[in-house]
Amino acid sequence: MNTLFDKIWDAHVVQHVEGGPDQLYIDRLYCHEVTSPQAFDGLRARGLRPLRPERIFCMPDHNTPTHDQDKPIADPVSKAQVDALARNAAEFGLTHFGMMDPRNGIIHVVGPERGLSLPGMTIVCGDSHTSTHGAVGAVAFGVGTSEVEMVLASQCILQPKPRTMRIRIEGTPGPCVTAKDLALYLMQQLTTSGATGYFVEYAGSAVRGLTMEGRLTLCNLSIEMGARGGMVAPDEVTFAYLKDKEYAPRGEAWDRAVAYWRTLRSGDDAVFDREYCFDAADIAPMITYGTNPGMGMPVDGTIPPEASSKALQYMGFQPGEQLLGKPVDYVFLGACTNGRIEDFRRFAALVKGRRKAAGVTAWLVPGSWEVHRRIVAEGIDRILADAGFELRQPGCSACLAMNDDKIPAGKYCVSTGNRNFEGRQGPGARTLLASPLVAAAAAVTGVITDPRTL
Amino acid sequence: MKRKLDLIESTCVPLPLENVDTDQIIPARFLKATTRDEAFFGENLFRDWRYRADGTPNPSFVLNDPRYGGEILLAGRNFGSGSSREHAAWALAGYGFKAVISSFFADIHKNNELNSFVLPVVVSEDFLAELFATVQANPSARVRIDVEAQTVTSLATGRSESFELNAYKKYCLLNALDDIDYLVLQQDKINAYEKTRQHEL
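Residue numbers (our numbering), protein chains in the order written: chain R, 174 to 627; chain E, 9 to 209.
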């Protein structure tokens, strides 16, 4: 009761359906090319048009190649899906940031950076990592394609109200411990189903101390604990990040908005269905060894003896083994998890003055053209080039292998993405999830390395 | 696709693995289809477990085990975690499943099953273990799911449990109606909400 989540959810309830879910009004629907075509088809089949087209923003990200985006997509199936989104957006009068549009990128990077995702909003997208947008203080969650169609048709969704969970992380994280490590630690502690049925509010001094980029990373990974969404109460960090963004309110409207946003916090008397508290000092740079994101450990740790044998067989690891020193074939920096400017700054800071290891293929993929622009503006591209790294063009890339960026079977990839499921980065690919710093350390040494030792 | 789900009585396919994620149910490379061709998704259900890299069926995977078949999938806890892809539910429907019985479902996937007219049935860990044992010992053992009564019964042992299903969704399943049918009738309420909301976002 009286939590940040309750305040926003309750303000969006159009009605309680008798004996059923809430009819929830949605302020922002994002559509990407993978989970929307069948929803648009459904709309056509019912003879409907979007009820509030001005609330809907579309952009391709999953299929987009990360090179030569000025040329037609070579894979005809990917091209057909990307083209279908452009066609649907045009037919229904929806805003569309197509490939090569300077506003294009991964939806979960673009939404906040354009000021499309704002505090107090309800936000959905046919994508589980929609939880990302909760970092601005919104109720944001992933939905299925039928639910995308619901929102297209009615700007509403039918949804049972989730329970509430607060996770506080107090204290100051140690060296080389990033938001990604906090999230991997939480997943390891709570497991991949520990927050299922809940909506999470992240709080505590370690969370308050995160930049907006860090909060976006943390909220992005909420779904990997099973949570529908995660959120951080908006504060000065949020307001400073959003001010003057393209779609953020301006002038008097901005002042009014900020005055409202300041009320968006859990009351001192707020009651959560579940609460956890962790000490930031207990958290080390993390890495995963298995085939779900909850199978993580400190990068200098040893694989637990009780680890799933099916997972270890897939990964080619043994229980009780260390990962430090194991050879790495690929390094992937990017995705809606770690494809933001801060992630590139961190990666560049570590590789500066070093060289990419000879045996490593590194894919450095900005989350959006805006991130790409800033990388160049800040001279990060030069640092990366001097260290032997090449910058690619924005998109989801190797996070889920729906484009050309696939990890070959049996190869090891240190990935800053969000999932290490079997085959996630390509059939047979072996993914080790980690932060941009752990990824950078692997990229310059060619083996799993603790960035604190460099 | 919309269909009436009232009574399901069938043999079961046992998949006693926990944390089966939707990337396994339908790998991402099959999500490039732009139409809702459930037969196509069904053909690729559990693709990388069901087939070896050379495309031949993997005989050790349960869908290739001739002893098992039916309209009910028995699955370990935390079924459908990970990606929100509804294609996973379409693949289950396209393969011929009408219900999935597990002790715990991931949220988004559970909604996707309901919206795709595949019934997620949550039973106790204990009952799930019994169902696995019964079906593995006797693949012709049948299970009956009564949507109206909200009960699931192992016909071999007679054990029965009730399962949760809200009254609204039950009405939808029994009458082959979906949420969009409902929402488009709520236009007046949506207009009223938009007019009276306190903070324009």
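Ideal placement from N, C-alpha and C gives every residue a C-beta, glycine not left out.
Asked, Found
"Through-space distance from residue 593 of chain R to residue 465 of chain R, alpha-carbon basis", "6 Å"
"Residues that residue 232 of chain R bridges to, as DSSP identifies them", "DSSP output for residue 232 of chain R lists no bridge partner at all."
"Where residue 194 of chain R meets chain E, residues with beta-carbon distance less than 9 Å", "174, 176, 177, 187"
"Chain B residues whose Cβ lies nearer than 7 Å to that of residue 201 of chain E", "Of the protein chains in this structure, namely R and E, none is chain B."
"Contacts of residue 208 of chain R in chain E (Cβ-Cβ under 9 Å)", "39, 92, 93, 94, 95"
"Beta carbon proximity, residue 274 of chain R to chain E, threshold 8 Å", "no"
"Chain E contacts made by the segment 408-429 of chain R, where a contact means CB separation under 8 Å", "none"
"Where the beta strand (DSSP E) through residue 577 of chain R begins and ends", "No beta strand (DSSP E) holds residue 577 of chain R; DSSP gives it neither H nor E."
"Test: residue 112 of chain E CB closer than 8 Å to a CB of chain R", "yes"
"Pairwise C-alpha distance: residue 83 of chain E and residue 339 of chain R", "30 Å"
"Limits of the alpha helix (DSSP H) - the one that residue 292 of chain R falls within", "Here residue 292 of chain R belongs to no alpha helix (DSSP H), and DSSP marks it neither H nor E."
"Beta-bridge pairing of residue 278 of chain R - partner residues as DSSP gives them", "R:541"
"Contacts around residue 586 of chain R, its chain only, beta-carbon distance under 8 Å, and the 5 residues preceding and following it disregarded", "501, 502, 503, 504, 505, 571, 580, 598, 602, 603, 604, 605"
"Secondary structure of residue 130 of chain E, DSSP reduced to three states", "strand"
"Cβ distance (whole Å) where residue 129 of chain E is taken to contact residue 160 of chain E below 8 Å", "5 Å"
"C-alpha distance - residue 439 of chain R paired with residue 324 of chain R, whole-angstrom precision", "28 Å"
"Alpha-carbon to alpha-carbon, residue 186 of chain R and residue 227 of chain R", "20 Å"
"Contacts around residue 177 of chain E, its chain only, beta-carbon distance under 8 Å, and the 5 residues preceding and following it disregarded", "122"
"Cβ neighbour criterion (16 or more within 10 Å) applied to residue 56 of chain E", "buried"
"Residue 207 of chain R burial status per 10 Å Cβ neighbour count (16 or more: buried)", "buried"
"Cβ-Cβ distance between residue 529 of chain R and residue 560 of chain R below 8 Å", "yes"
"Chain E contact for residue 232 of chain R (CB, 8 Å cutoff)", "no"
"Cβ of residue 305 of chain R within 8 Å of any chain E Cβ", "no"
"Residue nearest to residue 298 of chain R in terms of C-alpha spacing, selected from E:92, E:142, E:107, E:109", "E:92"
"Pair within 8 Å by beta-carbon distance, residue 232 of chain R and residue 283 of chain R", "yes"
"Cβ-heavy atom distance, residue 194 of chain R to the ligand PLP, below 7 Å", "For the structure depicted, the ligand PLP is absent and the ligand set is empty, with no information on it obtainable."
"Own chain partners of residue 188 of chain R with C-beta closer than 8 Å, once the 5 adjacent residues on each side are dropped", "195, 196"
"Anticipated Cβ contact below 8 Å, residue 59 of chain E with residue 67 of chain E, distance rounded", "Contact flag wrong, Cβ pair sits at about 11 Å."
"Rounded separation between residue 210 of chain R and residue 181 of chain R - CA only", "29 Å"
"Interface residues of chain R facing residue 42 of chain E [CB-CB closer than 7 Å]", "210, 253, 254, 257"
"Three CB pairs or more closer than 8 Å across the segment 140-152 of chain E and the segment 426-436 of chain R", "no"
"Rounded straight-line distance, which links the Cα of residue 279 of chain R to that of residue 509 of chain R", "6 Å"
"Limits of the unbroken alpha helix (DSSP H) element including residue 186 of chain R", "Taken as a continuous stretch (DSSP letters only), residue 186 of chain R belongs to no alpha helix (DSSP H), being part of the beta strand (DSSP E) at 186-189."
"Whole-angstrom distance between residue 562 of chain R and residue 520 of chain R, CA atom to CA atom", "11 Å"
"Buried versus exposed, by CB contacts within 10 Å (16 or more), residue 175 of chain E", "exposed"
"Unbroken alpha helix (DSSP H) run spanning residue 178 of chain R, endpoints", "177-183"
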